[in-house]
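J.: Dumping the structure here so I can ask a few things about it.
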Amino acid sequence: MPPRGRLLAIDYGDKRMGFAVSDPEQSMACPVENYTRRTPTLDQARFQYWIQEYCVAGLVVGLPIFMNGSESPKSQQCRQFARWLHQTFQLPVTLHDERCTSAVVEDRLVELDLSRAQRKKKLDMLAAQVLLQAYLDSRRPPRGAELETFLMENDAIEAEAETENDD
């Protein structure tokens, strides 16, 4: 996956899909749309629209996995869908564990006291947002790692300078 450029996440479903997009620096995910699937041709046109609209550099597809880590029956469908996306749009595609994304979003929407119809309108795109943010966060170095690397590089430079001074 490219280190910069917008990423488009897709919360894959048979009837509906959710879309979310990252900023170009790949630090933050924003929900874009809930999409009700129609025909393969119309679905492809919708993916193409979002890819062009946001100048997408890569795609992230949610991979449904059971809590014990094994794959669900829908996992194979998602893998096939990811291959199709790559072949069709010639973009890098990665699958990312989507465990609990919809459940977390559903719980939050219930807490906000939204009706079932209101939750349905938002669920898939918010699940795509949670999925994409989790993916983005997983690629960041742990807090303090950059400082630690900087300090180690400084120590190496100082040691090299001392060696040169000794000569």
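Throughout the sequence shown, residue numbering follows this note's numbering, covering 864 to 1030 in sequence.
We treat Cβ as the ideally placed atom computed from N, Cα and C, and that holds for glycine.
Give me whichever residues DSSP pairs with A997 in a beta bridge.
T.: Translated into positions along the sequence shown, residue 997 becomes position 134. Partner(s): none; A997 has no beta bridge.
J.: Going by beta carbon distance, what residues of the same chain come within less than 8 Å of V924, once the five residues before and after it are set aside?
T.: Along the sequence shown, one-based indexing puts residue 924 at 61. Shown here for V924: same chain residues with a beta carbon closer than 8 Å to its own, the five before and five after excluded, namely A872, I873, Y875, C941, F944, A945, L948, V956, T957, L958 and H959 in chain order.
J.: Just list the beta strand (DSSP E) runs in the region 925–980, keeping only unbroken ones of 3 residues or longer that don't cross its boundaries, in chain order.
T.: 956–960
J.: Suppose you measure from the CA of Y898 to the CA of M880; what does that come to, to the nearest Å?
T.: Working through the sequence shown from its first residue, we reach residue 898 at position 35. Working through the sequence shown from its first residue, we reach residue 880 at position 17. Going from the Cα of Y898 to the Cα of M880 covers about 5 Å.
J.: Going by C-alpha distance, which of A991, S890 and E969 is nearest R982?
T.: Working through the sequence shown from its first residue, we reach residue 982 at position 119. With distances taken between CA atoms, R982 lies nearest to E969 out of A991, S890 and E969.
J.: Do F882 and Q911 have their beta-carbon atoms positioned less than 9 Å apart in this structure?
T.: In the sequence shown, residue 911 corresponds to position 48, counting from 1. In the sequence shown, residue 882 corresponds to position 19, counting from 1. Contact: no.
J.: If you draw a straight line from the alpha carbon of L926 to that of Q939, how long is it in whole angstroms?
T.: Along the sequence shown, read from residue 1 onward, the residue named residue 926 stands at position 63. Along the sequence shown, read from residue 1 onward, the residue named residue 939 stands at position 76. Cα to Cα, the separation comes out at about 9 Å.
J.: Measure the alpha-carbon distance for F929 versus S935 and round it to whole angstroms.
T.: By one-based count along the sequence shown, residue 929 stands at place 66. By one-based count along the sequence shown, residue 935 stands at place 72. Cα to Cα, F929 sits roughly 6 Å from S935.
J.: For chain D, check one thing: does any of its Cβ atoms lie closer than 9 Å to the Cβ of E888?
T.: Protein chain content of the structure displayed is limited to a single chain, and chain D is not contained in it.
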